[in-house]
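Written out as structure tokens, the structure reads:
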């Protein structure tokens, strides 16, 4: 199997009315063998920005550390918070720097821009950006996730409905994928803050 | 005249017993001998002016020896002192601005640009066999994220501050006195609305330069001006030549009127 499928992952982010939500599954595997059912793949960068990383687990963790490092330095030097657009650009740059020896990771970025409007972005492992108004997905079952999202998403959902939609899309997608699943976690970002909920799914 | 340094001034790697680095101070002297550079933070933008002494009657004026350069759409830099040293700083400023935009996808904020230049200039005051820059840099910049404009000045020591009015070069002391009289500091005026606009700033800077100019002592000069204001769409641009010409006319008239007033007062 390809290196991006070695550990398994499923990440979806969706935009609602003045809110965004991002969810991931919990599985960490070493090829076919499941090794952990509580592996974190979505990381909080600041109160209005989260990033989900799908791909090789070691790169997921390293990128989380590197991104927090760069963000902290930026905030210290510039004395202001990083906006999602700037963060996306920074990440794209970091990934392309390693063009000929890349991080095997495909990120999904979800946040609220300074005006409070939803921001969604994703990129490939070498930093090619793609922004979306509705949803962004990454992982070993991305085909399934695209299908579920396309069917279930509608514009201007409030945060409760957004949570339901996202949860259903994720759980249905990972059920047909051997490499992702074992439950999930959903984070909803509004201007009040971030709420996180655990999802109970098929534990197989 | 400052002390001769007596041995502590041979390298920028040496402190003097009274805690000074003479080489850096001498670098500042190099700037003091050069044409005056002025910067003014006005209500709706920043204006900069540099007095360019025409060294040689054979010089093709109006084109060569630019002192003010655009660093990025939203930032401009004016130099005085050793012009060739200044060029290095300008090139570095352009690199910094370009790199920042590539990495973060937004225009470099004014404070960050000034800080980067500070760090760069400072490096030359303590590394190896390098000598300090003999140039002061005025940085006019606009931050699209916060919609605010600012003026910074970076000195050869690497120090940089944000200013309402900044002056470097030959006429900086009298220039500062003149600038203090202008309505540029909100603290000394009744709030923002009373501050002068860029159009007024252009005229006032022209007046300051001409007030400082002494025909008997100084070489003939050319006046280079730029602005970064609401009127220019927050892009750094050269002030149009006819605007400068009009400002110079106004300035000369004002100076004449004032000296006439003085003469009248004296007669009384």
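Chains as they are written, first to last, in the working numbering: chain E, 1 to 204; chain C, 1001 to 1268. Using N, Cα and C, we set each Cβ at its ideal position, and we do this for glycine too.
Using a Cβ-Cβ cut-off of less than 7 Å, give me the residues of the segment 1099 to 1133 of chain C that come near chain E, in sequence order. Near chain E, meaning a CB-to-CB distance below 7 Å, the residues of the segment 1099 to 1133 of chain C are 1102, 1103, 1104, 1105, 1106, 1109, 1112.
In or out: residue 1137(C) buried (at least 16 other Cβ within 10 Å) or exposed? Counting Cβ neighbours within 10 Å, residue 1137(C) comes out buried, since at least 16 surround it.
Looking at residue 1086(C): is its Cβ nearer than 7 Å to the Cβ of residue 1049(C)? No, Cβ-Cβ distance for residue 1086(C) and residue 1049(C) is not below 7 Å.
The alpha helix (DSSP H) with residue 1303(C) in it runs from where to where? Chain C is shown only over 1001 to 1268; residue 1303(C) falls outside these bounds and no answer can be derived.
Please tell me whether residue 1144(C) and residue 1012(C) are closer than 7 Å, where the distance is taken between their beta carbons. For residue 1144(C) and residue 1012(C), no; Cβs fall outside 7 Å.
Determine which residues share a DSSP beta bridge with residue 1161(C) and list them. Per the DSSP secondary-structure output, residue 1161(C) pairs in a beta bridge with 1153(C).
Enclosing beta strand (DSSP E) for residue 1227(C) [first to last residue]: Element bounds for residue 1227(C): 1221 to 1229.
Is it buried or exposed, residue 1039(C), if we count other Cβ atoms within 10 angstroms and call 16 or more buried? Residue 1039(C) is buried by the Cβ-count criterion.
Identify whether residue 1132(C) lies in helix, strand or coil by the three-state DSSP scheme. Coil, per DSSP.
Fully enclosed by the segment 21 to 57 of chain E, which beta strand (DSSP E) runs are 3 residues long or longer? Counting only runs of 3 or more, we get 28 to 30, 33 to 36, 42 to 46, 49 to 55.
Neighbour-count burial assignment, residue 1203(C), 16 or more Cβ in a 10 Å radius: Burial of residue 1203(C) is indicated by the presence of at least 16 other C-beta atoms within 10 angstroms of its C-beta.
Mind the definition here: the segment 1029 to 1043 of chain C touches the segment 1102 to 1121 of chain C only if three or more C-beta pairs lie below 8 Å; say whether that holds. The segment 1029 to 1043 of chain C and the segment 1102 to 1121 of chain C do not touch, with fewer than 3 CB-CB distances between them shorter than 8 Å.
Three-way DSSP call (helix, strand, coil) for residue 181(E) in this model: The answer is coil: DSSP assigns residue 181(E) none of H, G, I, E or B.
Start and end of the alpha helix (DSSP H) containing residue 1176(C)? Taken as a continuous stretch (DSSP letters only), the alpha helix (DSSP H) holding residue 1176(C) covers 1172 to 1180.
Beta-carbon of residue 86(E) versus every beta-carbon of chain C: anything under 7 Å? Answer yes: the Cβ-Cβ gap between residue 86(E) and chain C drops below 7 Å somewhere.
Can you give, in chain order, each stretch of the alpha helix (DSSP H) that sits fully within the segment 1040 to 1112 of chain C and has at least 4 residues? Unbroken alpha helix (DSSP H) runs of no fewer than 4 residues, entirely contained in the segment 1040 to 1112 of chain C, are found at 1083 to 1104, following chain order.
Residue 105(E) - partner residues in DSSP beta bridges: Residue 105(E) is bridged to 55(E).
In angstroms with no decimal places, state the Cα-to-Cα distance between residue 27(E) and residue 1(E). Residue 1(E) has its alpha-carbon roughly 17 Å from the corresponding atom of residue 27(E).
Which of the three DSSP states, helix, strand or coil, is assigned to residue 111(E)? Residue 111(E): strand per DSSP, three-state reduction.
Span separating the alpha-carbon of residue 144(E) from that of residue 174(E): Residue 144(E) and residue 174(E): Cα-Cα distance of roughly 8 Å.
Spatially closest choice to residue 1147(C) from 1108(C), 1064(C), 1121(C), by CA coordinates: Ranked by Cα distance from residue 1147(C), the options 1108(C), 1064(C), 1121(C) are led by 1108(C).
Three-state secondary structure (DSSP) at residue 1143(C)? It is a strand residue.
Confirm, please, whether the CB-CB distance from residue 1142(C) to residue 1228(C) is below 7 Å. The Cβ-Cβ distance between residue 1228(C) and residue 1142(C) falls below 7 Å.
Do you know offhand how far residue 1065(C)'s Cα is from residue 135(E)'s? If you take the alpha carbons of residue 1065(C) and residue 135(E), they lie about 54 Å apart.
Helix, strand or coil, according to DSSP, for residue 129(E) in the structure here? Under the three-state reduction of DSSP, residue 129(E) is assigned to strand.
Shortest alpha-carbon distance to residue 202(E) belongs to which of 176(E), 187(E), 146(E)? For the residues 176(E), 187(E), 146(E), the minimum Cα distance to residue 202(E) belongs to 176(E).
Burial state of residue 79(E), where buried means 16 or more other Cβ atoms lie within 10 Å: By the neighbour-count criterion, in which 16 or more other beta carbons inside 10 Å mark a residue as buried, residue 79(E) falls on the exposed side.
Per the contact definition of three or more C-beta pairs closer than 8 Å, is the segment 85 to 95 of chain E in contact with the segment 120 to 130 of chain E? With a cut-off of 8 Å, the segment 85 to 95 of chain E and the segment 120 to 130 of chain E count as touching, because enough Cβ pairs lie within range.
Counting only C-beta atoms, is residue 4(E) closer than 7 Å to chain C at any point? No, residue 4(E) does not count as interfacial toward chain C.
Residue 166(E) lies in the alpha helix (DSSP H); which residues open and close that run? Taken as a continuous stretch (DSSP letters only), the alpha helix (DSSP H) holding residue 166(E) covers 159 to 175.
What residue from 1165(C), 1063(C), 1246(C) has the CA that sits closest to residue 1196(C)'s CA? Residue nearest to residue 1196(C) within the set 1165(C), 1063(C), 1246(C) is 1165(C) (criterion: CA-CA distance).
Closest by CA to residue 178(E), which one among 56(E), 68(E), 140(E)? For the residues 56(E), 68(E), 140(E), the minimum Cα distance to residue 178(E) belongs to 140(E).
Note down, in chain order, every chain C residue with its Cβ under 9 Å from the Cβ of residue 93(E). Simply 1102, 1103, 1104, 1105.
DSSP three-state assignment for residue 1127(C), whether helix, strand or coil: DSSP places residue 1127(C) in the coil class of the three-state scheme, outside both helix and strand.
Near residue 1244(C), which residues of its chain fall below 8 Å by C-beta distance, leaving aside the five closest residues on each side in sequence? Excluding sequence neighbours, residue 1244(C) sits near 1202, 1206, 1223, 1225.
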